[in-house]
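Line by line, the protein sequences give chains A and B.
Under the numbering used here, the first residue of the first sequence is numbered 1, with each subsequent residue one higher.
Under the numbering used here, the first residue of the second sequence is numbered 116, with each subsequent residue one higher.
Take a look at the structure set out below.
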Amino acid sequence: DTGVSQDPRHKITKRGQNVTFRCDPISEHNRLYWYRQTLGQGPEFLTYFQNEAQLEKSRLLSDRFSAERPKGSFSTLEIQRTEQGDSAMYLCASSLNGQVDYGYTFGSGTRLTVV
Amino acid sequence: GNSVTQMEGPVTLSEEAFLTINCTYTATGYPSLFWYVQYPGEGLQLLLKATKADDKGSNKGFEATYRKETTSFHLEKGSVQVSDSAVYFCALSEGNNNDMRFGAGTRLTVKP
């Protein structure tokens, strides 16, 4: 297992376009999390899945954002009608349910720039 | 709600200097506490953790002790190296590990 993979690493898009990011977690991890990180800030929680169920969504996740994990494996995060304020690093992480001692394993992130 | 406050950076030290990065937390219960490190161009990596009061987490020469009485989890290293230059994040997770909260991060630069 190569850890948590995110694709693409970088994405530049014009305002108003839709973008989709993919995350492949560690295979045995049943939990998957999406975070957003802006420059000079720590990661902010967006949403998380346990298997295929989306169990919690942050108020940061506006109606333009949607996340899926259809088979409980990889996940996608889609942003519709992108705005310049969406420019950030989008981080994916995974963990085993209840395994607090091990924290989360993060991917390298997808850097989104909206021009 | 739960939150983490860590000292603002940037912090610049000479090689072999002593490092302290302060972190305090607010939580309704008994969280687990973590330090993550982010090297340039990479994702966050777990550096160390402590799951209950008075626990000491340690890794790669870094240490942090879970202090319930002062709600703190300060990161220390006795002798930093240039390779320790990175951004350090304090974080907490409560309950069943379903929502980890991070501090704003502290950028450390170590000069030779």
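Think of the CB as a built atom: it goes at the ideal place given N, C-alpha and C, for glycine as much as any other residue.
Point to revise | Through-space distance from T221(B) to E123(B), alpha-carbon basis | key: Taking C-alpha positions only, E123(B) is separated from T221(B) by approximately 6 Å.
Review point. Okay, do the region 38–51 of chain A and the region 192–201 of chain B touch, 3+ Cβ pairs below 8 Å being the bar?
Key: no
Practice item. Determine whether the Cβ of S94(A) lies closer than 7 Å to any Cβ atom of chain B. Key: no
Practice item. On the DSSP bridge assignment, give the partners of I136(B) in chain order. Key: I136(B) pairs with L190(B).
Review point. Thinking C-alpha only, which one of F177(B), Y154(B), Y151(B) and T143(B) is nearest E209(B)?
Key: T143(B)
Check your understanding: The beta strand (DSSP E) spanning S27(A) covers which residue range?
Key -> Element bounds for S27(A): n/a, residue is neither H nor E.
**Study point:** Local Cβ density within 10 Å of R15(A), reported as buried at 16 or more and exposed below that
**Key:** exposed
Check your understanding: Does F74(A) get closer than 7 Å to chain B when you measure Cβ to Cβ?
Key -> no
Check your understanding: Does the beta-carbon of R36(A) have 16 or more other beta-carbons within 10 angstroms, so that it is buried, or is it exposed?
Key -> So R36(A) ends up on the buried side.
Check your understanding: Name the chain A residues that come within less than 8 Å of L161(B), Cβ to Cβ?
Key -> Y102, G103, Y104 and T105
Check your understanding: How long is the line joining the alpha carbons of G116(B) and R216(B), rounded to whole angstroms?
Key -> 10 Å
Practice item. Report yes or no: do the region 72–88 of chain A and the region 10–26 of chain A share at least 3 C-beta pairs separated by less than 8 Å? Key: yes
Exercise for review: Could you have a look at S73(A) and say whether DSSP puts it in helix, strand or coil?
Suggested key: Reduced to three states, the DSSP call for S73(A) is coil.
Exercise for review: Drop a sphere of 10 angstroms on the beta-carbon of V4(A), count the other beta-carbons inside from all chains shown, and report buried for 16 or more, exposed for fewer.
Suggested key: Buried: at least 16 other Cβ atoms inside 10 Å.
Point to revise | Interface partners of F204(B) on chain A, CB under 9 Å | key: G42 and P43
Check your understanding: So A179(B) and L190(B) are in contact, right, with Cβ under 8 Å, and what is the actual spacing, rounded?
Key -> 5 Å
Practice item. Under 8 Å between beta-carbons, which chain B residues line up against G109(A)? List them in chain order, please. Key: G158
Point to revise | Sequence-distant residues of the same chain with beta carbon closer than 6 Å to S147(B), five excluded per side | key: T166 and S208
**Study point:** Spatially closest choice to E52(A) from I12(A), N18(A) and A67(A), by CA coordinates
**Key:** A67(A)
Check your understanding: Applying a beta-carbon distance threshold of less than 7 Å, which residues of chain B neighbour L77(A)?
Key -> The contacting residues do not exist; L77(A) stays about 15 Å from chain B at best.
Point to revise | Residue nearest to R9(A) in terms of C-alpha spacing, selected from N137(B), G156(B) and P227(B) | key: G156(B)
Exercise for review: Helix, strand or coil for G172(B), going by three-state DSSP, please let me know.
Suggested key: strand
Point to revise | Contact under 7 Å by Cβ, T113(A) with S87(A) | key: yes
Point to revise | chain A within 7 Å of A219(B), Cβ atoms only | key: yes
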